[in-house]
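Student: Please see the structure below; I have some questions.
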Amino acid sequence: MLPLAKFSAEFKVRRLSESDVDIIFKLCRTNDEYYHYCPPIITKQAIISDLKALPQGKTMKDKYFIGYFYNDELLAIMDLIDGYPEQGIIFIGLFMVDHRYQNRGYGKIIIQELIDYFRKNNYRSLRLAWIKENGKAEHFWLDQGFTPIKDTVDSEGHAVVLAGKELYYVTS
């Protein structure tokens with residue numbers, strides 16, 4: 015089990031559950047641009063499904079749908095899968111910052127702290143995908159040091175860019 019409290023020195027981090035659906039929904043509703051590229055518009059039922067969604071071969075013990083809180087307010091959500099697509103890799107299935115807090119550096123802080131945590135704990139890489147047409151997401155992830163691996167299609171049929179960030183290098 016990953017120690018979520020160690021993910022951030024700046025924010026309180028905890029697992030989110032069905033009891034948090036209302037605050038997750040409120041945050042998601044601030045991000046119309048995301049749902050423009052990744053329809054349909056969010057519903058509470060979709061959030062409940064997302065809280066349980068897993069890639070093939072993974073279990074709920076590998077899934078961390080987490081919230082980052084600032085002054086007891088939900089600032090960002092993230093869906094992590096430990097060991098996907100293989101051991102030593104963390105897959106970020108979703109990262110969303112409340113629109114009111116975007117462009118203030120919070121997202122960058124969260125991702126940098128995450129990179130630092132997993133690097134210190136000997137993970138090989140982080141992986142994620144962004145919707146190919148979403149230039150804002152592409153710019154953010156490239157700025158965080160992620161590099162495209164390949165163009166592909168996600169499970170919902172969206173054209174996406176699979177990207178990764180290597181966390182350490184083996185030297186011989």
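Sequential numbering of the sequence shown, starting at 15, is according to this note's numbering.
C-beta: ideal position from N, C-alpha, C; glycine also.
No experiment lies behind these values; they were computed from the predicted model shown.
Quick one: using the 10 Å Cβ neighbour count with 16 as the cut-off for buried, is R150 buried or exposed?
Tutor: Going by the sequence as given, residue 150 is Lys instead of Arg. The residue in question, K150, is exposed, as its Cβ has fewer than 16 Cβ neighbours within 10 Å.
Student: Could you give the DSSP three-state label for A19: helix, strand or coil?
Tutor: helix
Student: Which partner residues of V35 appear in the DSSP bridge assignment?
Tutor: Answer is none; V35 lacks a bridge partner.
Student: For P162, which residues does DSSP report across the bridge?
Tutor: Looking at the DSSP assignment, P162 forms a beta bridge with A177.
Student: Taking the straight line between their C-alpha atoms, what separation do you get for K198 and A177?
Tutor: Any property of residue 198 remains undetermined from this structure, which presents the chain solely from 15 to 186.
Student: Kindly indicate which three-state DSSP category S186 falls into: helix, strand or coil?
Tutor: Here the model assigns S186 a pLDDT of 47, short of 50, so the residue's position is not dependable, and the following value carries that caveat. Residue state, collapsed to three classes: coil.
Student: Under the assumption that R138 contacts I106 (Cβ atoms under 8 Å), give the Cβ distance between them as a whole number of angstroms.
Tutor: With 8 Å as the limit, R138 and I106 do not qualify as a contact, their Cβ atoms being about 14 Å apart.
Student: Using DSSP with H/G/I as helix, E/B as strand and the rest coil, what is K146?
Tutor: coil
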